[in-house]
Ligand code: BGC
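Numbering (my numbering), first residue to last: 16 to 887.
Laid out in structure tokens, this is it:
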């Protein structure tokens with residue numbers, strides 16, 4: 016294809032998605048793809064239009080190497096605070112095929128440019144979390160029609176803004192959860208369409224959220240970050256006569272008024288109560304009488320901690336309609352068919368003044384059809400509507416629930432499927448991965464993983480979305496990160512979270528087991544834990560291997576290095592990490608392996624020091640690789656340390672007959688997968704055979720917990736036990752992945768048998784139906800069943816290594832790489848395999864045969880046919 020017909024497409028600034036307001040750097044990097052291949056020496060032309068608010072549009076053109084299309088450094092002089100630009104790109108000077116425009120503006124990056132203050136209700140309304148939530152309003156005049164209006168918004172607590180009664184933006188739970196002692200995210204909105212000449216009103220609903228609401232398990236914490244919530248508002252307007260206005264929140268001009276609103280209580284976990292009788296009519300319209308409202312007071316907060324988001328907000332992504340509705344003694348039960356993070360929007364009608372509607376949200380029903388509320392612990396997820404007698408569509412504002420079923424109490428008349436839907440919410444990200452194969456159980460497992468990821472990627476990566484926990488548990492994402500990166504572009508999301516992990520690591524001298532950290536129950540002491548701490552290496556590395564974003568790797572390298580350097584100080588002379596952390600339970604080890612009693616998930620079979628050392632070796636190897644990628648000097652140093660620990664591991668945890676001191680599926684899997692036996696082929700073979708045998712003895716059921724699960728199938732593959740890998744993978748006996756599918760799971764569960772074979776909910780405390788850790792097998796589905804896996808940062812080189820097995824006869828897998836779509840469809844036909852492959856621009860796809868031979872494919876599409884035995 017000649018260059019001229021190729022168009023730059025999918026322009027991106029930093030790691031956002033499409034157009035973006037409030038970019039968080041003056042020198043944003045640009046990325047794009049091409050609609051076809053360009054020639055090697057192609058120069059592309061970039062047009063940058065500057066739209067400084069209120070100034071004449073100016074244009075600049077720059078020519079850059081067309082191969083520089085991933086994270087091109089900002090090619091002209093740095094932008095300014097609030098500067099608005101649009102970027103378009105074309106291939107070749109004489110082409111007139113400009114790309115679509117990418118528009119963005121810069122946030123306020125210099126704290127001294129912020130003009131407002133945080134303001135809130137004057138008094139703290141008590142220590143209880145069951146308190147009413149305030150609203151705030153401000154009226155102002157504009158003398159001509161506005162042509163530019165940028166609203167900068169954040170809050171201590173949560174906020175939803177209205178401009179003349181129009182909801183601002185579509186985001187919920189703004190500004191999300193960060194370690195507020197470290198930083199507070201600001202969002203920018205264009206509200207020019209909602210403003211008008213004359214009188215205008217800004218209104219704000221506020222709520223406790225994570226800032227002041229009850230958060231976390233075992234009673235949680237209330238008022239953790241502060242006992243007053245507040246909002247920060249800064250609005251810049253330019254009207255058609257070029258008059259400029261700045262409306263900034265403050266407590267001294269007496270224009271900002273507050274009172275209590277209709278939310279009589281609001282809590283992320285426990286739910287929200289809306290009292291319609293307290294919904295003040297007309298407060299979002301001009302000339303509303305506020306004489307019985309109060310003046311706001313300032314809520315002190317260091318504006319230097321405000322920052323513009325690098326990830327995207329939480330938004331709706333689809334709806335679920337009821338799939339069944341039935342009535343029982345207590346009320347109506349609605350099944351939405353899918354467990355996930357969602358909220359109900361319900362058309363309330365026919366209630367009279369003072370009548371209540373209660374909505375309980377649960378993941379599963381008990382065998383008798385009642386909602387299974389017990390696993391939620393204190394996080395009861397109960398919303399309440401108290402009617403004033405008027406019909407309305409009601410959706411909560413500042414809570415979020417993990418559920419499939421809703422129980423509705425107090426509904427008048429018959430509840431029908433037209434009365435309600437469930438709206439799905441998660442942090443916005445681009446879905447990069449797709450998979451499908453001839454086995455529907457496998458497809459369902461893949462989809463369940465997707466749903467558990469969506470449900471738990473809500474501002475931070477959480478363990479679960481339903482019970483009184485929902486914390487950024489580091490171990491869970493350490494194990495799931497490679498899968499997460501197969502499925503979605505997580506670069507902005509995870510990198511944002513890692514920033515707080517790095518901050519807290521420095522504050523506490525080690526990684527807390529969850530970030531943002533609050534002290535709860537047994538976690539008041541902070542002590543280094545394997546796997547949970549290994550998020551410091553595994554998460555940034557996974558992001559980097561998928562995105563190729565070197566800046567992100569560089570930024571989080573110190574976190575990775577500090578973690579490894581810290582663990583080095585805990586090692587015994589032989590390189591084994593056997594020093595017990597300062598928790599009564601010690602290391603968490605292979606957390607929740609299926610032999611652990613329901614209430615003691617930590618009592619797993621595999622020796623904890625074995626697990627800890629294996630993960631240390633893995634982290635050390637990753638750190639060595641990071642050094643090579645970043646051109647740093649310590650690659651060899653960390654490799655040597657890893658080698659020493661490998662030797663120590665081998666001496667300590669292998670007996671003379673080649674069996675391990677913990678004769679478990681987890682132990683062999685980690686030893687094989689983390690390269691500990693790579694220099695000892697005989698031992699590797701014994702380990703593989705023993706792993707195979709243990710699984711056979713267990714009747715092809717799984718015996719690993721969080722730690723071993725992501726690695727077991729690959730360990731079988733690496734040691735030539737592919738047929739056992741498929742037997743285990745496809746078994747539906749309890750415990751197994753397919754058992755969850757057989758039992759009707761629509762998400763991946765925390766424990767293998769969250770639902771027991773008799774249909775009862777597991778009596779353990781840890782019984783979530785929406786944890787992503789065990790879904791980490793999906794990385795294996797992509798790399799081995801489907802057959803695609805990145806091996807060089809940003810998918811510059813990737814493996815094409817399908818290993819068909821079980822009853823799977825065809826598969827289709829794809830990944831949107833930074834340079835375009837990588838795709839592999841395969842189909843087995845008798846003793847042949849047909850491959851349809853697409854390798855994107857500037858990438859190399861490496862077909863990897865079972866013998867170890869390889870065939871390299873440059874960018875292009877290929878239809879190939881091989882004897883099946885070359886792959887299995
Ligand atoms: C969470 C887990 C977490 C674990 C560690 C649990 O309560 O739900 O996923 O990693 O605690 O202790």
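Cβ coordinates follow ideal geometry from the N, Cα and C atoms, glycine included.
Computed from a predicted structure; not experimentally measured.
Query, Result
"Provide the residue span of the beta strand (DSSP E) that contains residue 68, from first to last.", "Note, residue 68: premise wrong, no beta strand (DSSP E); not H, not E."
"Can you tell me the Cα-Cα spacing of residue 426 and residue 476, whole angstroms?", "36 Å"
"Return yes when the Cβ of residue 737 is within less than 9 Å of the Cβ of residue 727, no when it is not.", "no"
"If you drop the 5 nearest sequence neighbours on each side, which residues of the same chain put their C-beta closer than 6 Å to that of residue 759?", "none"
"Quickly, what does DSSP pair residue 847 with across the bridge? List them, please.", "844 and 882"
"Is residue 721 near the ligand BGC, judged by its Cβ being under 8 Å from some heavy atom?", "yes"
"Is any heavy atom in the ligand BGC found nearer than 8 Å to the beta carbon of residue 547?", "yes"
"Expressed to the nearest angstrom, what Euclidean distance is found between the alpha-carbon atoms of residue 281 and residue 147?", "8 Å"
"For residue 331, which residues does DSSP report across the bridge?", "440"
"Is the beta carbon of residue 706 closer than 9 Å to that of residue 731?", "yes"
"From residue 622 to residue 568, what does the alpha carbon distance come to, in whole angstroms?", "32 Å"
"Would you say the region 631 to 643 touches the region 576 to 586, given that touching needs at least three Cβ pairs under 8 Å?", "yes"
"According to DSSP, is residue 32 helix, strand or coil?", "coil"
"Leaving out the 5 sequence neighbours to the left and right, which residues in its chain are closer than 7 Å to residue 880 when beta-carbon positions are compared?", "847 and 849"
"Pick out the complete alpha helix (DSSP H) segments inside the region 451 to 536, 4 residues or longer, and give them in chain order.", "455 to 471, 489 to 502 and 506 to 523"
"Would you grab the beta carbon distance between residue 833 and residue 85 for me? Rounded to a whole angstrom, and I think it's under 8 Å.", "5 Å"
"May I ask which residues mark the beginning and end of the beta strand (DSSP E) holding residue 351?", "347 to 363"
"Starting from the N-terminal side, write out each stretch of the alpha helix (DSSP H) that is 4 residues or longer and does not extend beyond the region 611 to 657.", "623 to 645"
"My output table needs one value for residue 398: the three-state DSSP class, helix, strand or coil.", "strand"
"Are there 16 or more other CB atoms within 10 angstroms of the CB of residue 801, so buried, or fewer, so exposed?", "buried"
"Check the C-beta distance from residue 762 over to residue 784 and give it rounded, since I have them as a contact under 8 Å.", "6 Å"
"Can you find the residues in the same chain that come closer than 6 Å, C-beta to C-beta, to residue 16, ignoring five residues on each side of it along the sequence?", "With a pLDDT of 45 at residue 16, under the threshold of 50, the modelled position of that residue is not reliable, and the figure given next carries that caveat. These residues qualify, in order along the chain: 51."
"What whole-angstrom Cβ distance do residue 349 and residue 435 have, given they're in contact under 8 Å?", "7 Å"
"Below 6 Å CB to CB, which residues in the same chain sit around residue 500 once its five sequence neighbours on both sides are set aside?", "557 and 561"
"DSSP three-state call for residue 289: helix, strand or coil?", "strand"
"Got a sec: does the ligand BGC put a non-hydrogen atom nearer than 8 Å to the Cβ of residue 533?", "no"
"Taking only the alpha-carbon atoms, compute the straight-line gap between residue 65 and residue 89 and give it to the nearest angstrom.", "14 Å"
"Just checking, does the region 768 to 777 make contact with the region 739 to 746 on the three C-beta pairs under 8 Å criterion?", "no"
"For residue 53, which of 74, 82 and 62 has the nearest alpha-carbon?", "82"
"Quick check: what's the CA-CA separation for residue 885 versus residue 588?", "45 Å"
"Around the Cβ of residue 315, are there at least 16 other Cβ atoms within 10 angstroms (buried) or fewer (exposed)?", "exposed"
"So, is residue 755 buried or exposed, given that buried needs 16 or more other C-beta atoms within 10 angstroms?", "buried"
"Name all residues in chain order for which at least one heavy atom of the ligand BGC lies closer than 5 Å to the residue's CB.", "478, 488, 490 and 491"
"Based on the DSSP output, what are the partners of residue 578 in its beta bridges?", "In the DSSP output, where bridge partners are listed per residue, residue 578 has none listed."
"To the nearest angstrom, report how far apart residue 695 and residue 661 are at their CA atoms.", "11 Å"
"State buried or exposed for residue 503, treating a residue as buried only when at least 16 other CB atoms are found within 10 Å of its CB.", "buried"
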